[in-house]
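A.B. asks: Residue numbers (my numbering): 1 to 683.
Here it is, written out as structure tokens:
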């Protein structure tokens, strides 16, 4: 039983000394520093508070009542046109003169009133210009620009109610939110529907959108056939390379039930609320967001969703560190040299030891440690007889490893969350994996914010599963490291396991909302089905598993395999050691095509880490290396072996090394459902 406490906070990650690497590992660790100072950017200790934000704001200017208005982005790349016609407010969005959204409508409906339709004959325009930047605590970029032009439209009203629509126009997207006076006292009204619609120009349109939990992706070539679409929803408009552009429909600063979209017979997408919302005072909606780009690269680099969220609420964020975690859930049932992994102290200590020896930051203890997670009487502060969390936390802390604990939403609903998290903090635990949050109604949206506040008070990292979509909340609460909203390796029945095409599209749909806990990195693909929590073949090559560690954003990367498997593959283990800080200064898309492939590059210091994925058909690419600096670089690559596919010979790969420079092209061959990873270090 758990009998002690651990008053010390867990110590920081330690990197593996290069002296312990084998000769086989050396080819991948060459150029890898053994301390943080030169490869990892300095931790931001105060989030993006106003003291760290440079801002230039022009004085607001009011233009009086008009029936139409235009607003251009700072660099004139994006334009929004808003007008009222026949009592209905409409909007359109264009990219560099090309119509992208056409005939969209605005509005929100209360139980007895449609405030925008009741007074949409004209509106008063107030303009504002903002130029600012901020430094996120973590993420794919070390500095984020937040430049926009804003127009606030106050609609004329025959009553005292003056609804507003506030547009922010960025060079890569548009946000609009509704502000409606509801009451001057405690009386409440109900928002029953959102009247936002999205129309498209009369061109070829293809749409990709996730299921409500993000575990499936749907594709449609007809807008009317879209049904029950969660967001981010990405549409490609145009049928040629020169005419095509992309728009992603999403939300930011989610404070009420999420939106979903249905295709209508008129060719528009119509919003629907998951459930009504009771409001008082001034109803301020979440931002309705339209990300715009001429390429998939532009979509992935988009920061509009984060920019539309509130700044960081955590004063001292120095305890928030991303990192790789060893993980017991997929390991359970694996047998090696007579030892079988399970939910027991010897297994968990092995995982902690592996994290420590590789410089990984965390070890996650998943479901079952406090009993049956589906039992409402199970106490998430009382471990089962065979597990001593306090002792394990002390053991991990001595090796520089932080302990992460799973807790089911049922336990958080049935018990005092403050007391639970205080206990975890007293044990020295570093973070929480919150399982089965469930739906995206008002209650869960607000509960998650409450949990994040309490977790921050106790300096606990947060990872939420079976959750609604990410909407940029990680800017406000940067300890929200990741969330599931993805088909996570081997969850569900084997026939539902995600195919390679899903993972190729994922960065440009689900991930546009924020980091995803996809748990890649399985190496023992052939024997994995013998384990307790892997019911069928994982549709991937081993190189594709490694590539997903780079193509998918996450603040916590949970490795699903056992230590002995990683140790038996020195080149793979060395690659994971290289990326283990998960600190990135820059991210780029080098090549991508929906349904075919994606190649993502990440920079940390002067080194680049590139990962590529292929869909079911495989692909050969010639990558331009213009992103490299002026010097020569040593490229070390793990790629699919000849004859490898995502269904057979999945574990075969080749290690190669070459010297390259910025003017070169780099040829990569990816097997069907395969991938590659390359590290580029200054020679």
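Beta carbons: idealized from backbone N, C-alpha and C, even for Gly.
Distance, Cα to Cα, residue 484 vs residue 380?
C.D. replies: When rounded, the distance between both Cα atoms is 21 Å.
A.B. asks: Please report the distance separating the alpha-carbon of residue 265 from that of residue 224.
C.D. replies: Taking the straight line from one Cα to the other gives about 5 Å.
A.B. asks: Helix, strand or coil for residue 256 per DSSP?
C.D. replies: Of the three classes helix, strand and coil, the one that applies to residue 256 here is coil, per DSSP.
A.B. asks: For residue 645, which residues of its own chain have a beta-carbon under 8 Å away from its beta-carbon, when the five flanking residues on both sides are left out?
C.D. replies: Same-chain partners within the cutoff: 541, 618, 671, 672, 673 and 674.
A.B. asks: Is DSSP giving residue 632 helix, strand or coil here?
C.D. replies: The answer is coil: DSSP assigns residue 632 none of H, G, I, E or B.
A.B. asks: Since residue 406 and residue 435 are thought to touch, with beta carbons under 8 Å apart, how far apart are those beta carbons, to the nearest angstrom?
C.D. replies: Sure, about 6 Å apart at Cβ, within 8 Å.
A.B. asks: State the start and end residues of the unbroken beta strand (DSSP E) segment that holds residue 268.
C.D. replies: Looking at the DSSP string, residue 268 is not in any beta strand (DSSP E), and its letter there is neither H nor E.
A.B. asks: Just to confirm before moving on: does the CB-CB distance between residue 418 and residue 376 stay below 7 Å?
C.D. replies: No, Cβ-Cβ distance for residue 418 and residue 376 is not below 7 Å.
A.B. asks: Applying the 10 Å Cβ sphere with the 16-neighbour rule, what's the burial state of residue 688?
C.D. replies: This structure cannot speak to residue 688, because the chain is shown only from 1 to 683.
A.B. asks: So is residue 86 buried or exposed if we call it buried at 16+ other beta carbons inside 10 Å?
C.D. replies: Residue 86 is exposed by the Cβ-count criterion.
A.B. asks: Enumerate in chain order the residues of its own chain whose CB-to-CB distance from residue 156 is below 7 Å, with the five nearest sequence positions on each side excluded.
C.D. replies: Contacts found: 65, 119, 121, 122 and 123.
A.B. asks: Can you name the start and end residues of the alpha helix (DSSP H) that residue 496 belongs to?
C.D. replies: Element bounds for residue 496: n/a, residue is neither H nor E.
A.B. asks: By how many angstroms is the C-alpha of residue 289 removed from the C-alpha of residue 448?
C.D. replies: Looking at the two C-alpha atoms, the distance is approximately 21 Å.
A.B. asks: Since residue 463 is in the beta strand (DSSP E), which residue starts that stretch and which ends it?
C.D. replies: First-last of the beta strand (DSSP E) with residue 463: 461 to 464.
A.B. asks: What three-state label does DSSP hand residue 442 in the structure shown?
C.D. replies: Note: residue 442 maps to helix in three-state DSSP.
A.B. asks: So which of 310, 75 and 89 has the shortest CA-CA distance to residue 81?
C.D. replies: Among 310, 75 and 89, the Cα nearest to that of residue 81 is on 89.
A.B. asks: Considering only residues of the region 151 to 197, which uninterrupted beta strand (DSSP E) runs meet the minimum length of 3 residues and lie entirely inside it, listed in chain order?
C.D. replies: With a minimum length of 3 residues, the continuous beta strand (DSSP E) runs that stay inside the region 151 to 197 are 164 to 170, 173 to 181 and 189 to 194.
A.B. asks: Can you tell me the Cα-Cα spacing of residue 175 and residue 94, whole angstroms?
C.D. replies: In a straight line, the C-alpha of residue 175 is about 14 Å away from that of residue 94.
A.B. asks: Among residues of its own chain, excluding the 5 on either side of residue 401, which ones have a beta-carbon nearer than 8 Å to its beta-carbon?
C.D. replies: Closer than 8 Å at the Cβ level, and outside the excluded window around residue 401, lie 10, 13, 352, 355, 356, 360, 361, 362 and 363.
A.B. asks: So who's on the other strand from residue 651, going by DSSP bridges?
C.D. replies: Note: residue 651 sits in no beta bridge, so no partner.
A.B. asks: When you compare only the Cα positions, how much space is there between residue 45 and residue 561?
C.D. replies: With a pLDDT of only 37 at residue 45, under the threshold of 50, the placement of this residue in the model should not be trusted; the figure read from the coordinates follows. One C-alpha to the other measures close to 33 Å.
A.B. asks: Distance, Cα to Cα, residue 648 vs residue 527?
C.D. replies: In a straight line, the C-alpha of residue 648 is about 13 Å away from that of residue 527.
A.B. asks: Using three-state DSSP, classify residue 516 as helix, strand or coil.
C.D. replies: Three-state DSSP puts residue 516 in a strand.
A.B. asks: So, do the region 198 to 212 and the region 231 to 243 have three or more beta carbon pairs nearer to each other than 8 Å?
C.D. replies: Yes, since at least three Cβ pairs between the region 198 to 212 and the region 231 to 243 fall closer than 8 Å, the two stretches touch.
A.B. asks: Do you know how far the Cα of residue 507 is from the Cα of residue 615?
C.D. replies: Roughly 13 Å separates the two Cα atoms.
A.B. asks: Can you list the beta strand (DSSP E) stretches of 3 or more residues lying completely in the region 304 to 376, in chain order?
C.D. replies: As far as the region 304 to 376 is concerned, its whole beta strand (DSSP E) runs of at least 3 residues are 323 to 327 and 362 to 365.
A.B. asks: Kindly indicate which residue of 314, 525, 178 and 214 has the alpha-carbon position closest to the one of residue 154.
C.D. replies: Ranking 314, 525, 178 and 214 by Cα distance to residue 154 puts 178 first.
A.B. asks: So, residue 513 versus residue 551, is the Cβ gap smaller than 7 Å?
C.D. replies: Result no, Cβ atoms of residue 513 and residue 551 do not sit closer than 7 Å.
A.B. asks: Our contact map puts residue 274 next to residue 255 with C-beta atoms below 8 Å; I'd like the distance itself, whole angstroms only.
C.D. replies: 13 Å between Cβ atoms; not a contact.
A.B. asks: Have a look at the DSSP bridge pairing and note the partners of residue 408.
C.D. replies: Residue 408 is bridged to 435.
A.B. asks: Give the single residue among 184, 253, 110 and 319 whose Cα lies nearest to the Cα of residue 278.
C.D. replies: Looking at the Cα atoms, 110 is the closest of the given residues.
A.B. asks: By how many angstroms is the C-alpha of residue 84 removed from the C-alpha of residue 543?
C.D. replies: Near 54 Å, if we compare the C-alpha coordinates of residue 84 and residue 543.
A.B. asks: Looking at the secondary structure, which residues open and close the alpha helix (DSSP H) in which residue 476 lies?
C.D. replies: From DSSP, the alpha helix (DSSP H) with residue 476 extends over 473 to 476.
A.B. asks: What do you reckon, are the CB atoms on residue 78 and residue 292 nearer than 7 Å?
C.D. replies: Taking 7 Å as the Cβ cut-off, residue 78 and residue 292 qualify as a contacting pair.
A.B. asks: Could you please give me the residues that DSSP links to residue 640 through a beta bridge?
C.D. replies: Beta-bridge pairing links residue 640 to 653.
A.B. asks: Could you tell me the boundaries of the beta strand (DSSP E) in which residue 129 lies?
C.D. replies: Note, residue 129: beta strand (DSSP E), 123 to 134.
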